[in-house]
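Enquirer:
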Amino acid sequence: MTTDKPVWTTFHYSTTTLTCFTLLHLISSVNGGIDCFKCVSINGDNPACDDPFHNNYTSDIYESPCMGGRKGRNGLFPATACIKMNGIYDDTRESMTVRGCALDSGTLTTDTELIRMSHCGGFYFGDRYVRGCVQSCDDAEGCNSSTHLIPMLVSWLSTLPSTPWRTFVHCQNMLLTCILLQILHYGIT
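Residue numbers (mature numbering (1 follows the signal peptide of the UniProt record, and there is no 0)): -32 to -1, 1 to 157.
Here is the structure:
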């Protein structure tokens, strides 16, 4: 007498396993950062950096992945957003454009994080007062784009309880292990 499993059970296990491995592959291919242009132009002295911006001047100002500092931490980390700061120095009326990258430092309020919200008005750049804007983007490389797979995967894990328990636990453990490795390797928070 044979104890064959029903076809739907075998299919269900195979589909779940295939999905798990596909998601693991996606996670392992995330580079952990965003590519951005980094340059400075004062009064038009660097046309490749100025507006209107055309990224066909040179690849010298393109940093992949772009690395930035983090509040309260030493070293550089993969950036999560590109920034562009442009304005007019209050004292000399010279124009300035700065392109670079930054990352969220994890503070609780939006107004203390450069990348969470664009700002226009007056601000200090170094020791000089500037009237202009600081803008951030994270939606396309060179922008720019950073793939946010970890929140998507955590949401996806909540749909797995409909799968048989053993397969769910196995897949969940594989995904969580991979997510933890990404966090340890890239410092993703």
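Yeah, the Cβ is synthetic: ideal placement off N, Cα and C, and Gly gets one too.
Quick check on DSSP: helix, strand or coil for Met53?
Expert: strand
Enquirer: Which of helix, strand or coil does DSSP assign to residue 158?
Expert: It is not possible to answer for residue 158, since the shown part of the chain is limited to -32 through 157.
Enquirer: Excluding the 5 residues flanking residue 158 on each side, which residues of the same chain have their C-beta closer than 7 Å to its C-beta?
Expert: Absent from the structure is residue 158, since the part of the chain shown begins at -32 and ends at 157.
Enquirer: Whole angstroms are fine: how far does the CA of Gly110 sit from the CA of Phe5?
Expert: 6 Å
Enquirer: Using C-beta distances below 7 Å, list every residue in its chain close to Thr48, excluding the 5 sequence neighbours before and after it, in chain order.
Expert: Contacts found: Ile2, Leu71, Asp72, Ile83, Asp106, Ser114.
Enquirer: Confirm, please, whether the CB-CB distance from Met53 to Leu44 is below 8 Å.
Expert: no
Enquirer: Reducing DSSP to helix, strand and coil, say where Cys34 ends up.
Expert: coil
Enquirer: Which one or two residues does DSSP pair with Thr65 in a beta bridge?
Expert: Ser9, Asn54
Enquirer: CB-CB under 8 Å to Asn23, same chain, minus the five flanking residues each way: which ones, in chain order?
Expert: Phe5, Tyr30, Gly110
Enquirer: On the premise that Ile56 lies in contact with Arg99, defined as a C-beta separation below 8 Å, what is that separation, rounded to the nearest angstrom?
Expert: 5 Å
Enquirer: In terms of residue numbering, what span does the beta strand (DSSP E) encompassing Phe21 cover?
Expert: It is not in any beta strand (DSSP E) - Phe21 carries neither H nor E in the DSSP assignment.
Enquirer: Check whether the Cβ atoms of Cys101 and Ser86 sit closer than 8 Å, and answer yes or no.
Expert: yes
Enquirer: Please state the DSSP three-state secondary structure of Leu44.
Expert: strand
Enquirer: Using the C-alpha atoms, what's the distance from Cys17 back to Val66?
Expert: 8 Å
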